[in-house]
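Colleague: Supplied in structure tokens, the structure appears directly below.
This is the structure:
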């Protein structure tokens with residue numbers, strides 16, 4: 001099925017594009033990388049969540065980042081170097097890990113830009129089942145537009161505008177997981193994707209979200225994972241992940257990852273429905289029954305969030321480079337919707353915050369003034385700017 005969609009790609013010029021999936025012509029490596037290359041996200045059991053058990057953030061970070069290669073100090077150096085604050089790295093040509101340097105950005109980490117513009121007409125985010133086929137195609141095509149658009153050149157070895165986003169997540173992985181900034185950073189990261197889609201690819205529809213509780217234990221049957229849209233989700237064969245060969249991202253080549261590395265590989269998946277079954281309403285409700293933000297965040301990150309990543313498997317189970325699979329964003333829209341739902345239960349949850357942003361003892365507290373940095377993809381903001389989805393910096397709500 002063909003359709004025409006006005007897309008504003010690369011330089012922002014409006015162009016009429018006729019789209020027929022699959023769209024990516026370049027062949028990916030046909031042999032999936034070994035399973036151990038991708039790692040996994042640390043989890044908490046439903047029973048522990050029900051008992052109110054919290055998992056140590058120290059333990060979480062050491063597990064969730066297993067196989068990434070970068071130490072916390074390495075990533076901190078890389079981020080500091082990329083924004084012109086200096087680094088302990090002895091080499092002017094590379095980071096302390098030997099990875100490509102990131103070009104300086106104009107918005108340093110301590111220079112927060114005021115971007116509030118009002119929120120009189122918030123965007124609705126519709127559940128995937130309430131999204132029309134035309135909108136579904138336009139959404140997938142916007143990802144394709146970013147994949148076809150050239151990289152900004154500031155995030156080597158990114159090969160596309162889309163991989164700029166992936167690379168930012170990879171380089172910050174150790175600082176945005178396993179601590180209380182997790183939900184807030186990813187909220188702004190998904191908003192960043194949405195704005196780039198709108199500004200650079202002319203995407204002019206409502207954004208969708210995916211209610212995974214309706215597909216828990218049966219992700220592979222969701223219309224998301226079909227040749228019409230995001231490609232099939234198959235079970236692994238002989239302990240091998242499966243390259244995606246249909247849908248909009250058929251035969252896609254990934255250049256970022258696995259882990260903190262850079263090795264060309266196919267976009268691959270390998271569903272484990274025993275893990276996707278944990279993305280159920282009961283688990284979400286248990287996490288959302290926790291009264292304070294830090295406790296809820298811990299449960300959400302190690303519960304439905306982690307099981308969704310691990311359940312889809314392969315690239316999605318890679319804590320560092322999982323955005324290489326576009327379903328990452330649908331999954332995080334689900335995670336953000338659950339966060340939004342928790343906030344909707346008490347107005348004070350849109351104005352108060354608690355928790356830690358590192359592993360020091362005592363830790364550095366998460367506050368409303370903590371900076372959220374996406375490496376210049378969009379201006380730096382503070383927690384205060386994004387804690388409320390209708391405060392003027394970000395501007396949306398979920399239909400339920």
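In UniProt numbering, the protein residues as written are 1 to 400. Think of the CB as a built atom: it goes at the ideal place given N, C-alpha and C, for glycine as much as any other residue.
Could you check if residue 216 is buried or exposed, using at least 16 other CB atoms within 10 Å of its CB as the buried criterion?
Modeller: The residue labelled residue 216 in the question sits at position 216 within the chain shown. It counts as buried.
Colleague: Out of 389, 367, 376 and 390, point me to the one whose CA is closest to residue 382's CA.
Modeller: Within the chain shown, the letter at position 382 stands for residue 382. It is 367.
Colleague: By DSSP's criteria, residue 127 is part of a beta bridge. Which residues make up the other side?
Modeller: The residue labelled residue 127 in the question sits at position 127 within the chain shown. Residue 127 pairs with 209.
Colleague: Using the three-state DSSP reduction, which class does residue 269 fall into: helix, strand or coil?
Modeller: Residue mapping note: residue 269 aligns to position 269 of the chain shown, counting from 1. Looking at residue 269 - three-state DSSP - the assignment turns out to be strand.
Colleague: Going by CA-CA distance only, name the one from 288, 309 and 308 that's closest to residue 299.
Modeller: Here residue 299 refers to the residue found at position 299 when the chain shown is read from its first residue. Per the Cα distances, 288.
Colleague: Identify whether residue 400 lies in helix, strand or coil by the three-state DSSP scheme.
Modeller: As a position in the chain shown, residue 400 is number 400, starting the count at 1. The answer is coil: DSSP assigns residue 400 none of H, G, I, E or B.
Colleague: Is it right to say residue 281 is buried, meaning 16 or more other beta carbons lie within 10 angstroms of its own, or is it exposed?
Modeller: As a position in the chain shown, residue 281 is number 281, starting the count at 1. Result: exposed.
Colleague: Leaving aside the five residues before and after residue 333 along the sequence, list all residues of the same chain whose C-beta is less than 8 Å from its C-beta, in chain order.
Modeller: The sequence position of residue 333 within the chain shown is 333, counting from 1. Once the five neighbours on either side are set aside, the close Cβ partners of residue 333 are 125, 190, 207, 208, 209 and 210.
Colleague: Buried or exposed: residue 104, going by 16 or more other Cβ atoms within 10 Å of its Cβ?
Modeller: In the chain shown, the residue the question calls residue 104 occupies position 104. Note that residue 104 has pLDDT 46, beneath the 50 cutoff, so the model's placement of it is unreliable and the number below is only indicative. Residue 104 should be labelled exposed.
Colleague: Distance, Cα to Cα, residue 297 vs residue 181?
Modeller: Walking along the chain shown from the start, residue 297 turns up at place 297. Walking along the chain shown from the start, residue 181 turns up at place 181. Taking the straight line from one Cα to the other gives about 9 Å.
Colleague: When you compare only the Cα positions, how much space is there between residue 283 and residue 196?
Modeller: The sequence position of residue 283 within the chain shown is 283, counting from 1. The sequence position of residue 196 within the chain shown is 196, counting from 1. Their Cα atoms are separated by approximately 32 Å.
Colleague: Which partner residues of residue 279 appear in the DSSP bridge assignment?
Modeller: On the chain shown, position 279 is the one that residue 279 refers to. Answer is none; residue 279 lacks a bridge partner.
Colleague: Look up residue 83 in the DSSP assignment and say whether it is helix, strand or coil.
Modeller: For the purposes of this step, residue 83 is taken as the residue at position 83 of the chain shown. Below a pLDDT of 50, predicted positions are generally treated as unreliable, and residue 83, at 33, falls in that range; the measurement from the model is reported next regardless. Note: residue 83 maps to coil in three-state DSSP.
Colleague: How is residue 375 classed by DSSP in three states: helix, strand or coil?
Modeller: Position 375 of the chain shown holds residue 375. If DSSP states are grouped into helix, strand and coil, residue 375 belongs with coil.
Colleague: Could you check the C-alpha separation between residue 377 and residue 213 for me, to the nearest Å?
Modeller: For the purposes of this step, residue 377 is taken as the residue at position 377 of the chain shown. For the purposes of this step, residue 213 is taken as the residue at position 213 of the chain shown. Spanning the two alpha carbons is a distance of roughly 31 Å.
Colleague: What are the residues that DSSP puts in a beta bridge with residue 326?
Modeller: Stepping through the chain shown from its first residue, residue 326 is reached at position 326. As far as DSSP is concerned, residue 326 takes part in no beta bridge.
Colleague: Please state whether DSSP places residue 166 in a helix, a strand or coil.
Modeller: Residue mapping note: residue 166 aligns to position 166 of the chain shown, counting from 1. Helix, per DSSP.
Colleague: In terms of residue numbering, what span does the alpha helix (DSSP H) encompassing residue 310 cover?
Modeller: By 1-based counting over the chain shown, the position of residue 310 is 310. Note, residue 310: alpha helix (DSSP H), 306–312.
Colleague: Here's the rule: buried if 16 or more other CB atoms are within 10 angstroms of the residue's CB, otherwise exposed. What is residue 400?
Modeller: What you label residue 400 is simply residue 400 of the chain shown in a count that begins at 1. By the 10 Å Cβ count, residue 400 comes out exposed.
Colleague: Starting from residue 37, follow the alpha helix (DSSP H) in both directions and report where the run begins and ends.
Modeller: For the purposes of this step, residue 37 is identified with residue 37 of the chain shown, where counting begins at 1. Residue 37 -> no alpha helix (DSSP H), and no H or E assigned at all.
Colleague: Could you check which residue in 186, 173 and 150 has the C-alpha nearest to that of residue 200?
Modeller: Sequence index remark: in the chain shown, residue 200 carries index 200 (1-based). When each option's Cα is compared against that of residue 200, the closest is 150.
Colleague: In three-state DSSP terms, what is residue 303?
Modeller: Counting from 1 along the chain shown, the entry for residue 303 is found at position 303. It is helical.
Colleague: Taking the alpha helix (DSSP H) that residue 188 belongs to, which residues open and close that run?
Modeller: Residue 188 sits at position 188 when you count from the first residue of the chain shown. 182–201 is the extent of the alpha helix (DSSP H) around residue 188.
Colleague: Which of the three DSSP states, helix, strand or coil, is assigned to residue 244?
Modeller: By 1-based counting over the chain shown, the position of residue 244 is 244. In the structure shown, residue 244 sits in coil (DSSP, three-state: anything other than H, G, I, E or B).
Colleague: Can you tell me the Cβ-Cβ gap for residue 310 and residue 40, rounded? I've got them flagged as a contact below 8 Å.
Modeller: The residue you call residue 310 lines up with position 310 of the chain shown. The residue you call residue 40 lines up with position 40 of the chain shown. Correct: roughly 5 Å between the Cβ atoms.
Colleague: From residue 403 to residue 183, what distance separates their C-alpha atoms?
Modeller: Since the first residue of the chain shown is 1 and the last is 400, residue 403 is not available in this structure.
Colleague: On the DSSP bridge assignment, give the partners of residue 237 in chain order.
Modeller: As a working mapping, residue 237 is identified with position 237 in the chain shown. Paired residue(s): 240.
Colleague: Should residue 247 and residue 231 be called a contact, given that it needs their Cβ atoms to be closer than 8 Å?
Modeller: Taking the first residue of the chain shown as 1, we reach residue 247 at position 247. Taking the first residue of the chain shown as 1, we reach residue 231 at position 231. In contact: residue 247 and residue 231 (Cβ atoms closer than 8 Å).
Colleague: Shortest alpha-carbon distance to residue 325 belongs to which of 345, 362, 278 and 267?
Modeller: Counting from 1 along the chain shown, the entry for residue 325 is found at position 325. Looking at the Cα atoms, 267 is the closest of the given residues.
Colleague: Taking residue 144 as part of the alpha helix (DSSP H), name the residues at either end of that continuous run.
Modeller: Within the chain shown, residue 144 is the residue found at index 144, counting from 1. Its alpha helix (DSSP H) spans residues 133–148.
Colleague: When DSSP labels each residue in this structure, what does residue 254 get in the three-state scheme?
Modeller: One-based indexing of the chain shown puts residue 254 at position 254. Residue state, collapsed to three classes: strand.
Colleague: By DSSP, does residue 390 sit in helix, in strand, or in coil?
Modeller: Taking the chain shown and counting its residues from 1, one reaches residue 390 at position 390. Of the three classes helix, strand and coil, the one that applies to residue 390 here is strand, per DSSP.
Colleague: Would you please state the rounded distance, in angstroms, between the beta carbons of residue 122 and residue 395? I believe it to be under 8 Å.
Modeller: The residue given as residue 122 occupies position 122 in the chain shown. The residue given as residue 395 occupies position 395 in the chain shown. With 8 Å as the limit, residue 122 and residue 395 qualify as a contact, their Cβ atoms being about 5 Å apart.
Colleague: Whose C-beta lies closer than 8 Å to the C-beta of residue 331 among residues of the same chain, with five residues either side of it excluded?
Modeller: Within the chain shown, residue 331 is the residue found at index 331, counting from 1. 210, 212, 305, 308, 309, 312 and 316.
Colleague: I'd like to check one pair, residue 318 with residue 259: are the Cβ atoms closer than 8 Å?
Modeller: To locate residue 259, count along the chain shown from 1; it is residue 259. To locate residue 318, count along the chain shown from 1; it is residue 318. Contact: yes.
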